[in-house]
Amino acid sequence: MRVLGIETSCDETGVAIYGEPGGLLAHRVHSQIALHARYGGVVPELASRDHVRRLLPLVDAVLEDAGMQRHELDGVAYTRGPGLIGALMVGAALARSLAWTLQIPAVGVHHMEAHLLAPMLDQPAPEFPFVALLVSGGHTMLVQVAGIGRYRLLGESLDDAAGEAFDKTAKLLELPYPGGPALEALAAQGDPGRFQFPRPMTDRPGLDFSFSGLKTYALNTIRAHDREARADIARAFQDAVVDTLAIKCRRALEQTGIRRLVVAGGVGANKALRERLRQEAQSLGAAVYYPRLELCTDNGAMVAYAGFCRLRAGERSGLDFSPTARWPLEQLREPGGGA
Ligand code: KG4
Ligand code: ZN
Numbered sequence: 048m049r050v051l052g053i054e055t056s057c058d059e060t061g062v063a064i065y066g067e068p069g070g071l072l073a074h075r076v077h078s079q080i081a082l083h084a085r086y087g088g089v090v091p092e093l094a095s096r097d098h099v100r101r102l103l104p105l106v107d108a109v110l111e112d113a114g115m116q117r118h119e120l121d122g123v124a125y126t127r128g129p130g131l132i133g134a135l136m137v138g139a140a141l142a143r144s145l146a147w148t149l150q151i152p153a154v155g156v157h158h159m160e161a162h163l164l165a166p167m168l169d170q171p172a173p174e175f176p177f178v179a180l181l182v183s184g185g186h187t188m189l190v191q192v193a194g195i196g197r198y199r200l201l202g203e204s205l206d207d208a209a210g211e212a213f214d215k216t217a218k219l220l221e222l223p224y225p226g227g228p229a230l231e232a233l234a235a236q237g238d239p240g241r242f243q244f245p246r247p248m249t250d251r252p253g254l255d256f257s258f259s260g261l262k263t264y265a266l267n268t269i270r271a272h273d274r275e276a277r278a279d280i281a282r283a284f285q286d287a288v289v290d291t292l293a294i295k296c297r298r299a300l301e302q303t304g305i306r307r308l309v310v311a312g313g314v315g316a317n318k319a320l321r322e323r324l325r326q327e328a329q330s331l332g333a334a335v336y337y338p339r340l341e342l343c344t345d346n347g348a349m350v351a352y353a354g355f356c357r358l359r360a361g362e363r364s365g366l367d368f369s370p371t372a373r374w375p376l377e378q379l380r381e382p383g384g385g386a
């Protein structure tokens, strides 16, 4: 069974083919960074229009990479949500039309489920159950994963997502969009001992997060110092986010007794976070799993894989497809039900 995966929830057009046997047969991502850079953030209407331009040529390129014809596909998976509604609509409409013309099934995939299953595309793949830390531009969540579609939310951000905090703080530091990778590069030159930022919500029990205060803390520190302090401020901010995430991950592993941690989503590409979580897990005798770097940020491979799992179980989405900007992860069920 070979499944085409289409991701268009935000500012990356991702297309891939996952099959068994064979695994990931091809995947390509077109990033819209250059398109949005001069606006300092994603402009939803421009994002939708660019998905329209890029998507079909990307589907053809991926088919060619895999040495396949369209009629050799057995199913199509697309990101149904959460995300920018216009952008989601482009992927869903193309996916659904393609499936209809080829007379093959289609399934709408949850973007965060796709992120948390992304480490399954590499070896060794994590076994269930595991704890997943999902850290992207829109979400920060700790989830107990008993199996595909069996998710229990352990904690989440009460305000800004971790990636959003990176992006907003990067903007305050006058760094280019997208802020996360730029802030990481600046922080690498910073002195870790100069500023000490708070670790929000770590002094009380629970697994929720709050990152908006850190952004304000960064703003006040920027205002009180010259430009030469920027790298040190970036370092203090990153250390605070990484430390906070690590403390909560340790707590989640201790609380659940689970000894496998999966880290997924764009912020999972941060090397300081990866290294810190590796150490934290090691000290608990736990294993930590990451998708390879290119599969941390948005891509079609994770959508193809999540869709494959659901299609294989007989799950189908009807012709009345309904992209949805908001879609709580906990509403998902095990594969096989209606989407
Ligand atoms: O998962 P993703 O590609 O898109 C969403 O679903 O949101 O995540 C994008 C987020 C952005 O906020 C971006 O700044 C952040 O991930 N990000 C990073 C790094 N690479 C991407 N944050 C910190 N360090 C990085 N290296
Ligand atoms: Zn994402």
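Just so you know, we're using the working numbering here: the sequence shown kicks off at 48 and counts up by one. Ideal placement from N, C-alpha and C gives every residue a C-beta, glycine not left out.
If you count every other CB in all the chains shown that lies within 10 Å of the CB of Asp-107, and 16 or more means buried, which is it?
exposed
Rounded to a whole number of angstroms, what is the C-alpha to C-alpha distance between Ala-73 and Leu-168?
12 Å
Given this structure, state the Cα-to-Cα distance separating Glu-221 from Arg-363, to the nearest angstrom.
46 Å
For the beta strand (DSSP E) that contains Met-188, what are its first and last residues?
187 to 194
Closer than 7 Å to a non-hydrogen atom of the ligand ZN - does that hold for the CB of Asp-207?
no
Any heavy atom of the ligand ZN closer than 7 Å to the beta-carbon of Ser-259?
no
So, His-77 versus Thr-60, is the Cβ gap smaller than 8 Å?
yes
Can you check the segment 272 to 352 for any alpha helix (DSSP H) of at least 4 residues that lies completely inside it and give the ranges in chain order?
277 to 303, 318 to 330
Through-space distance from Val-178 to Leu-358, alpha-carbon basis
24 Å
Compute the minimum distance between the beta carbon of Gly-312 and the heavy atoms of the ligand ZN, and state whether it is under 7 Å.
yes
Does the contact criterion of 3 or more C-beta pairs under 8 Å hold for the segment 298 to 311 versus the segment 336 to 347?
yes
Any idea if Arg-101 is buried or exposed, counting beta-carbon neighbours within 10 angstroms, 16 or more meaning buried?
buried
Does Gly-226 pass the burial test, meaning 16 or more other C-beta atoms within 10 Å, or should it be called exposed?
buried
Can you tell me which of the three DSSP states Arg-199 falls into?
strand
Just the Cα atoms here: how many angstroms apart are Leu-324 and His-162?
18 Å
Under a three-way DSSP split, which group does Thr-268 fall into?
helix
Are Ala-353 and Pro-129 closer than 8 Å when you measure CB to CB?
no
C-alpha distance - Leu-376 paired with Tyr-86, whole-angstrom precision:
31 Å
With 16 other CB atoms within 10 Å as the buried threshold, where does Glu-231 fall?
buried
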